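Trainee: Below is a structure I'd like to ask you about.
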């Protein structure tokens with residue numbers, strides 16, 4: 017490997033590690049303050065809140081990586097500008113496009129490591145975080161799970177424990193459902209079978225319900241059951257997909273499909289992970305172009321501010337299309353790739369005459 021490649025790689029990776037540690041520290045502190053506020057009325061140790069803050073931080077860092085690479089690239093070029101090393105490279109015949117190619121290649125390789133290793137670790141830690149913290153929330157006694165056997169709900173209300181199983185979800189309705197009611201000692205009170213349950217509100221409406229109570233079977237056209245769950249709440253319980261690895265997302269998608277449940281959010285998350293290295297490369301190139309076009313300005317603060325401005329614009333642009341995709345206003349595939357294609361077009365225009373900068 018040529019000496020200049022070693023040098024550029026070393027400076028770029030040092031800049032990346034430096035920015036990563038700074039951002040991780042900031043995220044950790046924000047998490048810690050959030051956990052301290054959450055547990056202020058509970059008897060838990062400071063070490064416990066630090067532990068929760070630490071295991072929750074990686075999943076948040078994963079979402080910030082594009083901006084970490086943008087700032088890292090800016091810092092990389094600031095280092096080159098300070099000692100006029102960029103001019104030395106230019107006089108030696110090393111074009112700016114070659115520098116962009118080297119740091120883009122490094123970004124791609126690091127991006128592969130992020131989605132294959134870092135993301136799996138962060139998702140496992142996020143899952144652990146949610147499990148541990150659920151013991152201290154009011155929702156800890158409630159549970160909703162989707163697996164190959166359909167939707168399962170465990171609910172506790174009015175001194176009763178409900179175990180609900182439905183084979184499918186059709187908009188606001190549970191299809192082919194079976195409910196078992198227990199008392200607080202887990203003694204069976206009654207079993208209820210219903211082909212169609214309206215769960216739009218917390219008062220469920222069971223149509224054509226078969227009731228099995230004390231070995232006696234009765235049929236009622238309609239009965240009402242109160243629950244802590246409704247359709248919106250069930251949806252929200254499965255919204256934290258960052259706690260699932262890519263393989264787990266694939267399995268969950270199969271379970272959703274068997275349940276006739278919307279897979280849009282899962283598809284968006286999968287596409288986001290697959291496209292992540294490309295996103296990181298584009299942010300790196302964009303940052304490099306910003307720095308090369310603004311190197312005549314001496315103020316590093318101005319350059320960093322310009323990069324942060326683009327961060328904000330890109331964040332809200334991506335968020336807009338994510339919302340459009342999750343609400344099915346546009347196809348989930350387009351909701352991920354339109355922002356990336358737009359960013360590709362922008363960087364392509366800005367790379368014109370990059371070697372002359």
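Residue numbers (the numbering used here): 17 to 373.
No residue lacks a Cβ here, since even glycine has one placed at the ideal position from N, Cα and C.
The structure displayed is predicted, hence computed values, not measured ones.
Taking C-alpha atoms, which residue in 89, 146, 52 lies nearest to residue 257?
Mentor: Measuring from the Cα of residue 257, the nearest candidate turns out to be 146.
Trainee: Would you mind reading off the limits of the alpha helix (DSSP H) that contains residue 53?
Mentor: Looking at the DSSP string, the run of the alpha helix (DSSP H) that includes residue 53 is 19-54.
Trainee: Enumerate in chain order the residues of its own chain whose CB-to-CB distance from residue 240 is below 8 Å, with the five nearest sequence positions on each side excluded.
Mentor: Excluding positions up to five away in sequence, the list reads 219, 220, 221, 222.
Trainee: Check whether the segment 338-353 touches the segment 113-125, taking contact to mean three or more Cβ pairs, one atom from each stretch, closer than 8 Å.
Mentor: In short, these stretches do not touch, since the Cβ pair count stays below three.
Trainee: Residue 186: which of 174, 18, 177, 211 sits nearest, CA to CA?
Mentor: Ranking 174, 18, 177, 211 by Cα distance to residue 186 puts 211 first.
Trainee: In the DSSP assignment, what residue or residues form a beta bridge with residue 238?
Mentor: Answer is 223.
Trainee: For residue 298 and residue 59, what's the separation of their Cα atoms in angstroms?
Mentor: About 47 Å.
Trainee: Might you give, ordered along the chain, the residues of its own chain that have their beta carbon closer than 8 Å to the beta carbon of residue 68, omitting 5 neighbours on each side?
Mentor: Hits under 8 Å: 47, 51, 145, 148, 149.
Trainee: For residue 216 versus residue 192, is the C-beta distance shorter than 8 Å?
Mentor: In this structure, residue 192 does not lie closer than 8 Å to residue 216 by Cβ.
Trainee: Note down the Cα distance separating residue 17 from residue 96, rounded to an integer number of angstroms.
Mentor: With a pLDDT of 48 at residue 17, under the threshold of 50, the modelled position of this residue cannot be trusted, and the question is left open.
Trainee: Taking only the alpha-carbon atoms, compute the straight-line gap between residue 199 and residue 244 and give it to the nearest angstrom.
Mentor: So the two alpha carbons sit approximately 16 Å from each other.
Trainee: Using a Cβ-Cβ cutoff of less than 7 Å, which residues in the same chain neighbour residue 351 once the five nearest sequence positions on both sides are dropped?
Mentor: Excluding positions up to five away in sequence, the list reads 284, 337, 338, 340, 341.
Trainee: Give a yes or no on contact between the segment 84-93 and the segment 21-38, applying the rule of three or more CB pairs nearer than 8 Å.
Mentor: Touching, yes, given that three or more Cβ pairs across the two stretches are closer than 8 Å.
Trainee: Please report how far the alpha carbon of residue 301 lies from the alpha carbon of residue 263, in whole angstroms.
Mentor: In a straight line, the C-alpha of residue 301 is about 30 Å away from that of residue 263.
Trainee: Run through DSSP, which three-state label would residue 269 get?
Mentor: Correct three-state label for residue 269: helix.
Trainee: Can you list, in chain order, the residues of its chain with a C-beta nearer than 7 Å to that of residue 354? Leave out the 5 residues immediately preceding and following it.
Mentor: Around residue 354: 337.
Trainee: Please specify which runs of the alpha helix (DSSP H), each continuous and at least 4 residues long, are wholly inside the segment 322-368, giving them in chain order.
Mentor: Correct list: 348-366.
Trainee: What are the partner residues of residue 208, as DSSP defines its beta bridges?
Mentor: In the DSSP output, where bridge partners are listed per residue, residue 208 has 195, 227.
Trainee: Could you give the C-beta distance for residue 189 and residue 214, rounded to a whole number, given that I count them as a contact under 8 Å?
Mentor: Yes, they are in contact, since the Cβ atoms of residue 189 and residue 214 sit about 6 Å apart, within 8 Å.
Trainee: Excluding sequence positions up to five away, which residues of its chain have a Cβ less than 7 Å from the Cβ of residue 349?
Mentor: If we look at residue 349 and ignore the five residues flanking it on each side, its Cβ neighbours are 287.
Trainee: Who are the Cβ neighbours of residue 310 in its own chain at under 8 Å, not counting the five residues just before and after it?
Mentor: Only 318, 319, 322 meet the Cβ criterion.
Trainee: State buried or exposed for residue 19, treating a residue as buried only when at least 16 other CB atoms are found within 10 Å of its CB.
Mentor: Exposed, by the Cβ-count rule.
Trainee: Can you give me the Cβ contacts of residue 21 inside the same chain, cut-off strictly under 8 Å, excluding the 5 residues immediately before and after it?
Mentor: Cβ within range, chain order: 118.
Trainee: DSSP three-state call for residue 148: helix, strand or coil?
Mentor: It is helical.
Trainee: Can you tell me whether DSSP reads residue 422 as helix, strand or coil?
Mentor: With the chain represented from 17 up to 373, any question about residue 422 goes unanswered, as that position is not in the structure.
Trainee: Between residue 259 and residue 142, which are expected to be in contact by the criterion C-beta below 8 Å, what is the C-beta distance as a whole number of angstroms?
Mentor: The Cβ separation is near 4 Å, so the contact holds.
Trainee: Out of 224, 55, 271, 57, which one is the CA nearest neighbour of residue 237?
Mentor: Of the candidates 224, 55, 271, 57, the one whose C-alpha sits nearest the C-alpha of residue 237 is 224.
Trainee: Whole angstroms are fine: how far does the CA of residue 226 sit from the CA of residue 268?
Mentor: So the alpha carbons of these two residues sit roughly 31 Å apart.
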